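There are 2 protein chains.
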Amino acid sequence: MVRRQEPGRRRPTIADIAHKAGVSKGSVSYALNGRPGVSEPTRRRILAIAEETGWHPNRAARALSAARSGACGLALARPARTLAYEPFFAELLSGIEAELSARQVALMLQIVEDVDAEAVALRRWWAERRVDGVLLVDLRVDDPRVPLVEELGLPAVIVGGPGPTGSLPFFPGGDAIGVCQIVEHLVGLGHRRIDRVAGSPEFAHTQLRTEVFEEALAGAGASGSVVTTDYSSPAGAAATRELLARSPAPTAIVYDSDLMAIAGLGVAQEMGTVVPTELSIASFDDSLICGVVRPSLTACARDVVGYGAQAARALISLVENEPVPTYVVEPPKLVPRASTGPPAGTVAPRRRARPPSPVGARA
Amino acid sequence: MVRRQEPGRRRPTIADIAHKAGVSKGSVSYALNGRPGVSEPTRRRILAIAEETGWHPNRAARALSAARSGACGLALARPARTLAYEPFFAELLSGIEAELSARQVALMLQIVEDVDAEAVALRRWWAERRVDGVLLVDLRVDDPRVPLVEELGLPAVIVGGPGPTGSLPFFPGGDAIGVCQIVEHLVGLGHRRIDRVAGSPEFAHTQLRTEVFEEALAGAGASGSVVTTDYSSPAGAAATRELLARSPAPTAIVYDSDLMAIAGLGVAQEMGTVVPTELSIASFDDSLICGVVRPSLTACARDVVGYGAQAARALISLVENEPVPTYVVEPPKLVPRASTGPPAGTVAPRRRARPPSPVGARA
DNA sequence: CTGAAAGCGCTTACAG
DNA sequence: CTGAAAGCGCTTACAG
C-alpha cells in the first residue's frame, strides 16, 4: 500500500524507537506502558529515546488494538445556538470539558434536531467506536436513549436527571430542591397566587419541577398554574402576557430559565406592571444576567459547572471499570434580589435591593 | 491476541459483510466508499447488507489506514470558566460545532494555562494524529503556534486574527471596523475625551484595536487613554475606577468585552456617575446582557457564530486539500442603546432609550 | 470486475 | 527478560 505523501514532519513510531534501542516493538510497548517484561535499564533507555524523539502513541492505532477511543460523546437536541444563549449549557460544557481535558479524553459534541436524532447519533458513535461512553442530558419521560445504551452496552451517565432511570448512574440537577426554595421564598413573602412559566414538558426535569411546584403550593395553601414553553424568549414573553391577562392575575411568576425570566420582566415592564411591587419574578440558574438586569432577579443558583465535571468524571470511571465516585456538588441556593417582594397590599417590610455591582466580584 | 470481552452488542465489520455477500473485503471497501472496482449489482447487494446489519466504519481503523482522524482541535489559554462567562467563546464554539457536526468531524477542545501549554497540546495532538487540523484563536504577537504548525505541516486556520500571519489562512474578527464604529458614534455625539478599558495586551487583536482606536481618536481630534486588563470583571471594575478618578475624567469609556462593560457600569453607578448623562459607555460583542441591563448598553455586534462556522468550514477544506472558501460574514454593526449620549453640557438632543424588551425578539 | 495481500501503528499472548 | 508474530478493521495498489 502506498500512503498519501504527508507534508510536514514525520512522526516517530515504536518501530523507530525499537530500532534505535536495538529491541523489539513488543519490548518498547511494554516499556512505554509501564508493564512488566522489560529490564529496568532497557526501560530507561527506551523511555529516554521516546522522550528525545518526541514520540506519542498514534491514537488510532492504540484505539484499534485496545478497542478504546479515548473520547466521550454528548448529543444535544436543542436549537443550534443553545450553547450561545443558554448559560446552563455553556456552564455544563465548561465543567465537562475541564474534567475530560485533564484526562486527555476528547469530547464528541453534536447538536441535533430531536430525540430520535440523538439516538441515531449515539448508535453511530457506538458502531464507529467513536466514543467510549456518553453523557445523557435533557432526559425525557420514557427516553429511548436509556434502553438503547443498555442494549448496546455503551457506558452512559445521566446528567441533571430527575432520578434513577434503568441501570444508569444519574446525577440529579437539584430541580426539586430549587423549586421548593423558590416557592418557600415567595410564600414567605406573602404570595398565595404563584404561576410558573415552565420549559418543555417533554423533559423529565420539567415534569419533576411541575410535580414539586404543585405539591409545594398545595402544602403552603397557595395556588397557581403552569404554562409550558419551548424555552425560547418569545415563548417566555407570550406565556407571561397570557398569565398577566388572567383574572385573578398572579402576584408572582417563577421561570424555568433566566432567558425566559428576562423576557417576562420585559413584558411586565411593557404592560406597566411594576416589579416587584405588583409582580414578583424568580428564576432558575442565576446566570450573570440575573445580577445586572434591573430590577435584579431573584434566582435559584445551581452549581452547573460542578454537575458537568462530576458527571464527566463518573463516566470516565465507568468506562475504566472503576467504581463510580460519589456525587458531591453544592446544593442549589436561593439568591434573593430585587425582583421579589411582598405582594401589593401586604404590610411586610420591603427588602432593599442589593448594591448595584454584584458583578465585579463574580468572574 | 485475546481481546477484552466487550459487554453489549457486537459490531459488524467489513469481513462480516464480505462473508454474507460472498465477496472479498476489498470489494466491500470499494463498494462502501463509492469507488470503481465493483459491479453495480454487487455494490447494491453490499450496500443493502451494510444497511441491514447497521454497519458503520470503525473510525480508528479508518483513521489508521487513511491517516486521517476526522477531528479538529482548539486549544484555549483562558481561565477554565471562560466558556461559561465569556459569551464570545460560547458563540464561537456554537458556530464551530454546528459546522463540524454537520460533517461528522469531532472537536478536540482543551482549556490550558498559557501559550506554551497551547503549543504543547498542538504538538501532542499532531504526534498522536488526534486531529487533522487546528483552529487558532487569541493570536498573540509573534505567536509561537504559527511557526509550530507550519513546521509540523499541521493544517491550521486563524480565527479572529488581526491579519495575515505566516502562511495561514486567517479570518478577521472585525476588530478594526468595530472600534471605528464605536469611536465614530461617540465622536458624533460630541465626545472628545474617550478612554478605553482593553483586554490583554498580549493578544494581537487587542493591539490592533488599540492602534485603530488611537488613530480614530486622533483623526477626529479627540484624545483618550487605554488601560489594559486580563478581561476579568474585577479588572474591568478597577480600570473604570482608575479612569473616573483621573482629571479630566473621560466623558466616555469603551470596553473590550461586555463582561467588563457591565462591571464598569456597576462602578459608575456606585460612584454616583450617571450613565449616559455624565459618562457614556460602549461595549463589544453585544451579548444578550447588553439589551437587558439598565441603562441598556450601546455595543458593537459581531457575527461571532458566523466567524466560528466559517473558520471551521475553511479548516475542513484545508484538510481535504480543497480550495478554502471565501470568507463571507456579516460586518460588525453598532447597536446604539441607552448607555451612550452627548457629554454633559452639550445641547445635542438626547436619544431615547429603546423599548424595554428587545430581548423577547432575539432567541 | 474481483480476490488475495500488505500495510497503517499499536497491544498482547506465546515461545524461547 | 526478550523476540517474533498475530491481530484490531480498515484502505489500496497489484495480479488475475
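From first to last, the protein sequence lines stand for chains A and B. Residues 269 to 631 in the working numbering are what the first sequence lists, from first letter to last. Residues 269 to 631 in the working numbering are what the second sequence lists, from first letter to last. Where is the CB? At the ideal position from N, CA and C, for every residue including glycine. None of these values were measured; they are calculated from a predicted model.
8 Å contact criterion, which residue i and residue j should meet: CB distance rounded
| i | j | result |
| --- | --- | --- |
| Ala348/B | Leu375/B | Rounded, the Cβ-Cβ distance is 17 Å, inconsistent with contact. |
| Ile285/B | Ala318/B | 6 Å |
| Ala536/B | Asp553/B | Actually they are not in contact, since the Cβ atoms of Ala536/B and Asp553/B sit about 20 Å apart, beyond 8 Å. |
| Pro430/B | Leu476/B | 4 Å |
| Val543/A | Tyr575/A | Rounded, the Cβ-Cβ distance is 30 Å, inconsistent with contact. |
| Thr310/A | Ser295/A | 7 Å |
8 Å Cβ cut-off: residues of chain A touching residue i
| i | result |
| --- | --- |
| His324/B | Arg392, Ala395 and Glu396 |
| Ser337/B | Arg327 and Ala328 |
| Glu546/B | Simply none; closest approach about 15 Å. |
| Leu556/B | Tyr353, Leu527, Ile530 and Ile557 |
| Ser585/B | Residues of chain A passing the Cβ test: none, with the nearest at roughly 16 Å. |
| Ser292/B | Neighbours of Ser292/B on chain A: none; closest Cβ ~15 Å, over 8 Å. |
| Ser564/B | Neighbours of Ser564/B on chain A: none; closest Cβ ~10 Å, over 8 Å. |
| Ser307/B | Under the 8 Å cutoff, chain A gives no residues; its nearest Cβ is about 24 Å from Ser307/B. |
CB of residue i within 8 Å of CB of residue j, strictly
| i | j | result |
| --- | --- | --- |
| His453/A | Leu565/A | no |
| Ala505/A | Gly532/A | yes |
| Ala424/A | Leu407/A | no |
| Ile462/B | Val480/B | no |
| Thr608/B | Ala513/B | no |
| Val402/B | Leu422/B | yes |
| Thr497/B | Ala466/B | yes |
| Pro518/A | Gly540/A | no |
| Glu396/B | Arg413/B | no |
| Arg570/A | Gly441/A | yes |
| Arg460/B | Ala507/B | no |
| Leu527/B | Glu359/B | no |
| Ile584/B | Arg371/B | yes |
| Arg313/B | Ala283/B | no |
| Ala299/A | Ser362/B | no |
| Val417/B | Leu390/B | yes |
| Gly458/B | Pro611/B | yes |
| Ala345/A | Glu381/A | yes |
| Val592/A | Pro437/A | yes |
| Ser337/A | Arg398/A | yes |
| Ser548/A | Tyr499/A | no |
| Val561/A | Val560/B | yes |
| Ile557/A | Ile379/B | no |
| Phe439/B | Ala582/B | yes |
| Thr478/B | Val455/B | no |
| Arg327/A | His324/B | no |
| Asp524/A | Thr474/A | yes |
Closer than 8 Å at the beta carbon, the chain B residues around residue i
| i | result |
| --- | --- |
| Tyr595/A | Chain B residues near Tyr595/A: none, gap ~20 Å exceeds 8 Å. |
| Arg279/A | Trp394, Ala395 and Arg397 |
| Val573/A | Arg349 and Ala352 |
| Ser468/A | Chain B residues near Ser468/A: none, gap ~14 Å exceeds 8 Å. |
Neighbouring residues, chain B, relative to residue i (Cβ below 7 Å)
| i | result |
| --- | --- |
| Tyr298/A | The contacting residues do not exist; Tyr298/A stays about 14 Å from chain B at best. |
| Leu361/A | Leu351 |
| Glu365/A | Leu351, Leu377 and Ile379 |
| Ala358/A | Leu351, Ala352 and Ala358 |
| Ser435/A | In chain order: nothing, as chain B lies at least about 12 Å away. |
| Ser491/A | Going along chain B, no residue has its Cβ under 7 Å from Ser491/A, so there is no contact; the nearest lies around 27 Å. |
Residues that residue i contacts on chain A, provided the C-beta gap is smaller than 7 Å
| i | result |
| --- | --- |
| Met376/B | Ala374 |
| Ser295/B | Those within 7 Å of Ser295/B in chain A number zero; the least Cβ separation is about 17 Å. |
Contacts of residue i in chain A (Cβ-Cβ under 9 Å)
| i | result |
| --- | --- |
| Asp332/B | Looking at the sequence shown, residue 332/B is not Asp but Leu. Asn326, Ala328, Ala329, Ala331 and Leu332, listed in chain order. |
| Ser551/B | Correct list: empty, because the minimum Cβ distance to chain A is about 12 Å. |
Neighbour list for residue i in chain B, Cβ cutoff strictly below 9 Å
| i | result |
| --- | --- |
| Ala567/A | Correct list: empty, because the minimum Cβ distance to chain B is about 14 Å. |
| Ser607/A | Per Cβ cutoff of 9 Å: no residues; Ser607/A is ~12 Å from chain B at best. |
Worksheet item: In the segment 509-534 of chain A, which residue ranges form an unbroken beta strand (DSSP E) of at least 3 residues, counting only runs that do not cross its ends?
Response: 520-523
Discussion item. Quick check: the segment 351-366 of chain B against the segment 326-334 of chain B, are at least 3 beta-carbon pairs closer than 8 Å?
Written reply: no
Discussion item. I'd like the ranges of any alpha helix (DSSP H) spanning at least 4 consecutive residues and lying wholly in the segment 397-422 of chain B.
Written reply: 413-420
Worksheet entry | Whole runs of the alpha helix (DSSP H) within the segment 355-385 of chain B, excluding any shorter than 4 residues | 355-370
Discussion item. For a minimum of 4 consecutive residues, which ranges assigned as the alpha helix (DSSP H) are wholly contained in the segment 432-473 of chain A?
Written reply: 443-457
Fill in: Runs of alpha helix (DSSP H) lying entirely within the segment 568-594 of chain B, each at least 4 residues, in chain order
572-587
Worksheet item: Taking the runs of the beta strand (DSSP E) that are 3 residues or longer, which of them lie wholly in the segment 533-561 of chain A?
Response: 548-552
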